[in-house]
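Q:
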Amino acid sequence: MNGGDGPGQDHGGRLVANIMHFARALRAAGLPIGPGRVIEAVRAVETAGIGNRDDFYWTLHAVFVNRRDQRELFDQCFHVFWRDPRLLERMLALLLPSLDGVREPDDQSALSRRLRDALSAGDGGNKRETLEEDKIEIDAALTSSDRELLAKRDFEQMSADEEARAKRVIARLGLPILDVATRRHAPDPHGPRIDMRASLRAAMRSGSGIIPLRLRAPRRRHPPLVVLCDISGSMSRYSRLFLHFMHAITNDRDRVHTFLFGTRLTNVTRLLRHRDVDLALKAVGEAVEDWDGGTRIGACLRRFNLSWSRRVLGQGAVVLFVSDGLDREAGAGLGREIERLHKSCRRLIWLNPLLRYAGFEPKSLGVRAILPHVDEFRPVHDLESLDDLARALARPGERKLEGGRSWRQAS
Amino acid sequence: MSKPAAIPDDIDAARALMEDQSYVADRGLATAVFLALRLERPLFLEGEAGVGKTEIAKVLAAGLGRRLIRLQCYEGLDVASAVYEWNYARQMVEIRIAEAAGETDRDLLGTEIFTDRFLIRRPLLQALEPEIEGSPVLLIDELDRADEPFEAFLLEVLSDYQITIPEIGTVKAATPPIVVITSNRTREIHDALKRRCFYHWIDYPDGARELAILKAKLPGADQRLSRAVVAFVQRLRQRDLFKLPGVAETLDWTNALIQLDALTLDADTVDSTLGVLLKYQDDIARVRGSEAANILAEIKADLAVAG
Chain R
1 MNGGDGPGQD HGGRLVANIM HFARALRAAG LPIGPGRVIE AVRAVETAGI
51 GNRDDFYWTL HAVFVNRRDQ RELFDQCFHV FWRDPRLLER MLALLLPSLD
101 GVREPDDQSA LSRRLRDALS AGDGGNKRET LEEDKIEIDA ALTSSDRELL
151 AKRDFEQMSA DEEARAKRVI ARLGLPILDV ATRRHAPDPH GPRIDMRASL
201 RAAMRSGSGI IPLRLRAPRR RHPPLVVLCD ISGSMSRYSR LFLHFMHAIT
251 NDRDRVHTFL FGTRLTNVTR LLRHRDVDLA LKAVGEAVED WDGGTRIGAC
301 LRRFNLSWSR RVLGQGAVVL FVSDGLDREA GAGLGREIER LHKSCRRLIW
351 LNPLLRYAGF EPKSLGVRAI LPHVDEFRPV HDLESLDDLA RALARPGERK
401 LEGGRSWRQA S
Chain H
412 MSKPAAIPDD IDAARALMED QSYVADRGLA TAVFLALRLE RPLFLEGEAG
462 VGKTEIAKVL AAGLGRRLIR LQCYEGLDVA SAVYEWNYAR QMVEIRIAEA
512 AGETDRDLLG TEIFTDRFLI RRPLLQALEP EIEGSPVLLI DELDRADEPF
562 EAFLLEVLSD YQITIPEIGT VKAATPPIVV ITSNRTREIH DALKRRCFYH
612 WIDYPDGARE LAILKAKLPG ADQRLSRAVV AFVQRLRQRD LFKLPGVAET
662 LDWTNALIQL DALTLDADTV DSTLGVLLKY QDDIARVRGS EAANILAEIK
712 ADLAVAG
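If you're matching them up, the sequences are chains R and H in order.
Here the first sequence stands for residues 1 to 411, numbered as in our numbering.
Here the second sequence stands for residues 412 to 718, numbered as in our numbering.
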């Protein structure tokens with residue numbers, strides 16, 4: 001250990017307590033930090049010494065951060081906390097006003113909102129005093145952005161009857177997308193390969209000089225599933241249904257990622273993981289801000305391709321693309337992005353509610369851009385069609401457009 | 412391989428250790444490396460492809476004079492290829508010999524064929540064995556390619572540095588190996604594993620550091636060319652590309668330009684060598700031509716200002 005006479009030694013007690021408080025602030029802000037990590041942090045700080053602020057920062061960073069997306073939160077928290085813990089309270093008071101019903105401009109402020117929420121937890125009402133005077137300024141900064149139609153969707157409006165029916169059908173809705181063979185093996189009496197290890201153990205057990213063969217077969221497993229769902233105005237009639245559907249499949253299996261898009265792309269996977277469908281949908285309703293607005297499919301897919309595809313499509317994922325293909329930007333740039341998406345996944349399945357109309361023809365530019373690049377094309381507009389879909393996906397599919405060849409020819 | 416060196420005493424020493432092996436690290440990375448070495452915990456590195464994650468393990472092995480044991484992960488990686496396997500052929504021969512000799516005691520035979528002699532050691536087990544020059548550097552490369560069950564298996568290895576072989580017992584490392592785990596983040600690694608490690612996200616370097624890296628790795632490169640290359644790549648990374656070029660690509664590109672005897676960047680050279688830098692046809696098509704010319708004009712203006 002170096003720095004034997006450094007601040008770590010002199011104020012050992014205070015420093016440890018401060019690190020603990022810092023860890024608690026981070027934990028409240030949503031970083032998964034347990035007591036073990038706090039001890040680890042103290043040890044790390046003792047080892048590295050507190051030569052300067054930078055080293056201290058990176059030492060705590062190495063212990064507390066373990067995902068890339070936690071870096072910003074850590075950074076903000078660190079600077080607020082270690083400058084002057086009392087400053088924190090003042091900062092909080094200053095930041096509170098923008099909490100109320102103002103749309104945040106981007107991810108960055110969503111983060112700071114989390115931090116703010118975390119840090120303000122347990123505070124009394126006295127912080128609210130400064131609220132009024134700051135309000136005007138901050139409001140102005142945050143509302144001037146753009147002309148997206150923003151509306152929060154209220155899922156409590158669902159009628160009791162509707163809800164009961166939906167729950168009933170969705171509860172028994174497994175989505176048996178075909179299993180694929182993995183490279184891992186499991187014992188199987190009729191398997192194609194010999195499990196040498198098990199055979200030799202069995203030989204030891206029998207001891208008769210005969211080696212009874214034990215066999216194994218590749219284990220099968222469903223591939224990861226990625227759902228990209230359109231929640232724009234033209235899809236609004238279906239979006240509640242689809243959210244229930246997505247909640248069901250998210251909780252039915254592991255490795256499901258769910259994204260909603262209208263004018264922007266939102267990852268709602270973690271929100272949908274909540275077991276209770278109402279709570280999950282409520283959280284989604286609050287997190288997503290472009291309900292029933294326009295659609296910019298191309299731009300959203302581009303965002304997905306750039307920032308998510310490598311992370312969620314890595315292991316041969318099947319993609320469910322739920323959209324009516326009606327694009328505000330008339331398919332500009334859409335073809336290229338959907339092609340990239342198609343090339344990055346195992347199978348691209350397009351679920352289109354418009355397909356239920358007998359006279360549907362792929363006239364829209366968006367539809368025509370997407371159609372050549374999907375492997376399967378299916379109607380989905382009510383619970384029954386979801387059920388059909390489940391059955392259809394259970395059989396092995398080929399990597400070509402199924403059920404939509406006539407549409408493609410027509411276009 | 413150089414002589415075994417001591418574990419660095421402070422962050423500066425850790426940084427110097429890496430610099431000796433021409434690895435230019437920033438302060439954050441040096442801190443994480445130092446803590447991992449000092450507190451004997453694994454180092455978990457994430458970052459885009461080509462930012463030098465794997466290189467760190469090599470640098471540490473060379474700098475500390477330790478053996479480097481590399482475990483490349485892939486889907487379906489199992490105990491038999493990562494940890495140990497029994498030498499079945501020899502075991503069967505042994506059984507046959509025992510039979511011929513009239514050996515009938517099953518238990519005795521059982522203890523004989525499941526012994527050290529018949530064990531084939533794979534990287535993880537090798538890493539736990541003592542070595543003269545000190546515990547080895549274990550590189551678990553691209554962990555995100557392995558599947559979740561393997562990750563779960565690693566938990567025991569990485570927290571206690573021990574491996575349990577049912578037939579023999581538990582093998583524990585006298586001195587823990589220096590473990591470096593890398594991930595390209597094609598999926599999230601479980602928190603339980605990350606919790607046991609010091610984590611660092613390696614970002615693309617800024618201009619000054621990238622220039623330093625070029626200088627360290629390609630000392631022969633012309634200064635003006637290096638500067639232009641770095642400026643070009645830095646600007647390229649601000650563009651909306653599917654795959655941004657990493658440091659490895661910068662080095663490759665500079666090397667390619669040196670081979671072509673290019674002294675400065677011009678539009679033709681850039682267009683014809685763009686494939687070294689960008690690996691997706693969409694990206695190349697996007698940058699080639701006018702976009703590349705724009706970037707060249709920008710950096711020319713910048714370099715003129717800088718003198």
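Glycine included, C-beta positions come from ideal geometry on N, C-alpha and C.
So, does the CB of residue 643 of chain H fall closer than 7 Å to a CB anywhere in chain R?
A: Residue numbering aside, residue 643 of chain H sits at position 232 when the second sequence is read from its first letter. By this cut-off, residue 643 of chain H is not an interface position.
Q: Residue 414 of chain R by DSSP, collapsed to three states: which one?
A: Given that chain R is displayed from residue 1 to residue 411, the structure contains no residue 414 of chain R and the question cannot be resolved.
Q: Touching or not, the segment 312–328 of chain R and the segment 222–236 of chain R, by the rule of three or more beta carbon pairs under 8 Å?
A: Result yes; three or more Cβ-Cβ pairs closer than 8 Å.
Q: If you draw a straight line from the C-alpha of residue 546 of chain H to the C-alpha of residue 451 of chain H, how long is it?
A: In the second sequence, residue 546 of chain H corresponds to position 135, counting from 1. In the second sequence, residue 451 of chain H corresponds to position 40, counting from 1. Their backbone Cα atoms lie some 11 Å apart in a straight line.
Q: Whole beta strand (DSSP E) runs in the segment 550–576 of chain H with 3 or more residues, listed along the chain?
A: Listed in chain order, the beta strand (DSSP E) runs fully inside the segment 550–576 of chain H are 573–576, counting runs of at least 3 residues.
Q: So, helix, strand or coil for residue 186 of chain R, using DSSP?
A: Here residue 186 of chain R refers to the residue found at position 186 of the first sequence. Strand at residue 186 of chain R.
Q: What in chain R is Cβ-close to residue 611 of chain H, meaning under 9 Å?
A: The sequence position of residue 611 of chain H within the second sequence is 200, counting from 1. Chain R residues near residue 611 of chain H: 58, 61, 62 and 65.
Q: If you run the structure through DSSP and keep just helix, strand and coil, what is residue 510 of chain H?
A: Within the second sequence, residue 510 of chain H is the residue found at index 99, counting from 1. Helix at residue 510 of chain H.
Q: Do you know offhand how far residue 55 of chain R's Cα is from residue 48 of chain R's?
A: Counted from its first residue, the first sequence places residue 55 of chain R at position 55. Counted from its first residue, the first sequence places residue 48 of chain R at position 48. Roughly 8 Å between the two C-alpha positions.
Q: Are any of the Cβ atoms in chain H nearer than 7 Å to that of residue 252 of chain R?
A: Locating residue 252 of chain R in the first sequence gives position 252, where the first residue counts as 1. Chain H contact via Cβ: absent.
Q: With DSSP as the reference, label residue 531 of chain H as helix, strand or coil.
A: Against the second sequence, residue 531 of chain H aligns to sequence position 120. Three-state result, residue 531 of chain H: strand.
Q: Can you list, in chain order, the residues of its chain whose CB lies under 7 Å from that of residue 582 of chain H, leaving out five sequence neighbours each side?
A: On the second sequence, residue 582 of chain H is found 171 positions in, with the first residue counted as 1. Same-chain partners within the cutoff: 536, 539, 573, 574 and 576.
Q: I'd like to know whether the C-beta of residue 55 of chain R is nearer than 7 Å to at least one C-beta of chain H.
A: Locating residue 55 of chain R in the first sequence gives position 55, where the first residue counts as 1. So, interface residue.
Q: Secondary structure at residue 589 of chain H, three-state DSSP: helix, strand or coil?
A: Along the second sequence, read from residue 1 onward, the residue named residue 589 of chain H stands at position 178. In the three-state DSSP reduction, residue 589 of chain H falls in the strand class (E or B).
Q: Looking at C-alpha atoms only, which residue of H:685, H:480, H:498 and H:448 is the closest neighbour of residue 664 of chain H?
A: Within the second sequence, numbered from 1, the residue matching residue 664 of chain H stands at position 253. Measuring from the Cα of residue 664 of chain H, the nearest candidate turns out to be H:685.
Q: Note down the Cα distance separating residue 678 of chain H from residue 263 of chain R, rounded to an integer number of angstroms.
A: In the second sequence, residue 678 of chain H corresponds to position 267, counting from 1. In the first sequence, residue 263 of chain R corresponds to position 263, counting from 1. Distance between the alpha carbons of residue 678 of chain H and residue 263 of chain R: 37 Å.
Q: In terms of residues, what are the limits of the beta strand (DSSP E) holding residue 482 of chain H?
A: Indexing the second sequence from 1 puts residue 482 of chain H at position 71. Its beta strand (DSSP E) spans residues 479–483.
Q: Starting from residue 226 of chain R, trace the alpha helix (DSSP H) both ways and give me its first and last residue.
A: Looking up residue 226 of chain R in the first sequence gives position 226. Unbroken run through residue 226 of chain R is the beta strand (DSSP E), 225–230; no alpha helix (DSSP H).
Q: Helix, strand or coil: how does DSSP classify residue 458 of chain H here?
A: Looking up residue 458 of chain H in the second sequence gives position 47. Residue state, collapsed to three classes: strand.
Q: Please confirm if residue 32 of chain R has its CB atom under 7 Å from at least one CB of chain H.
A: For this step, residue 32 of chain R is matched to residue 32 along the first sequence. Interface residue, yes.
Q: Specify, as a first and last residue, the run of the alpha helix (DSSP H) that residue 247 of chain R falls within.
A: In the first sequence, the residue the question calls residue 247 of chain R occupies position 247. Where residue 247 of chain R is concerned, the enclosing alpha helix (DSSP H) starts and stops at 236–252.
Q: Alpha carbon to alpha carbon, how far is residue 705 of chain H from residue 698 of chain H?
A: Taking the second sequence and counting its residues from 1, the one referred to as residue 705 of chain H is at position 294. Taking the second sequence and counting its residues from 1, the one referred to as residue 698 of chain H is at position 287. If I take the Cα positions, the gap works out to 9 Å.
Q: With three or more beta-carbon pairs closer than 8 Å as the criterion, would you say the segment 274–290 of chain R touches the segment 245–261 of chain R?
A: yes
Q: So within the segment 332–375 of chain R, which uninterrupted beta strand (DSSP E) runs reach at least 3 residues, ignoring any that extend past its ends?
A: 347–352
Q: Sorted by chain position, which residues of the same chain lie with C-beta nearer than 7 Å to residue 272 of chain R's C-beta, five sequence neighbours on each side aside?
A: Residue mapping note: residue 272 of chain R aligns to position 272 of the first sequence, counting from 1. Answer for residue 272 of chain R: 246, 247, 250, 258, 280 and 284, listed in chain order.
Q: Report yes or no: is there a C-beta of chain H within less than 7 Å of the C-beta of residue 20 of chain R?
A: Numbered from its first residue, the first sequence carries residue 20 of chain R at position 20. It does not; no Cβ of chain H falls within 7 Å.
Q: Residue 305 of chain R versus chain H: which residues are under 9 Å apart at the beta carbon?
A: The residue you call residue 305 of chain R lines up with position 305 of the first sequence. Neighbours of residue 305 of chain R on chain H, chain order: 653.
Q: Would you identify the three-state DSSP class for residue 580 of chain H, choosing helix, strand or coil?
A: Counting from 1 along the second sequence, the entry for residue 580 of chain H is found at position 169. Note: residue 580 of chain H maps to strand in three-state DSSP.
Q: Among the residues of its own chain, which have a CB less than 8 Å from the CB of residue 629 of chain H, if the five just before and after it don't count?
A: Here residue 629 of chain H corresponds to residue number 218 of the second sequence, with the count starting at 1. Excluding residues within five positions, the ones whose Cβ falls inside 8 Å are 637, 662, 665, 666 and 669.
Q: Name the two residues that bound the continuous alpha helix (DSSP H) containing residue 35 of chain R.
A: Here the question's residue 35 of chain R lines up with position 35 in the first sequence. Where residue 35 of chain R is concerned, the enclosing alpha helix (DSSP H) stretches over 35–48.
Q: Please say whether residue 591 of chain H and residue 454 of chain H have beta carbons closer to each other than 7 Å?
A: As a first step, residue 454 of chain H is located in the second sequence; it is residue number 43 there, counting from the start. As a first step, residue 591 of chain H is located in the second sequence; it is residue number 180 there, counting from the start. For residue 454 of chain H and residue 591 of chain H, yes; Cβs fall inside 7 Å.
Q: Less than 7 Å between the beta carbons of residue 620 of chain H and residue 435 of chain H, yes or no?
A: Reading the second sequence from its first residue, position 209 is the one you call residue 620 of chain H. Reading the second sequence from its first residue, position 24 is the one you call residue 435 of chain H. Yes, the pair counts as a contact, with Cβ atoms nearer than the cut-off.
Q: Does the contact criterion of 3 or more C-beta pairs under 8 Å hold for the segment 282–296 of chain R versus the segment 181–195 of chain R?
A: no
Q: With a cut-off of 7 Å, does the C-beta of residue 692 of chain H fall near any C-beta of chain R?
A: Along the second sequence, read from residue 1 onward, the residue named residue 692 of chain H stands at position 281. No - not a single Cβ of chain R is within 7 Å of the one on residue 692 of chain H.
Q: What would DSSP say about residue 266 of chain R, mapped onto helix, strand or coil?
A: Position 266 of the first sequence, counting from 1, holds the residue named residue 266 of chain R. Correct three-state label for residue 266 of chain R: strand.
Q: Taking its Cβ as the centre, do 16 or more other Cβ atoms sit within 10 Å of residue 266 of chain R, making it buried, or is it exposed?
A: Taking the first sequence and counting its residues from 1, the one referred to as residue 266 of chain R is at position 266. Buried is the call here.
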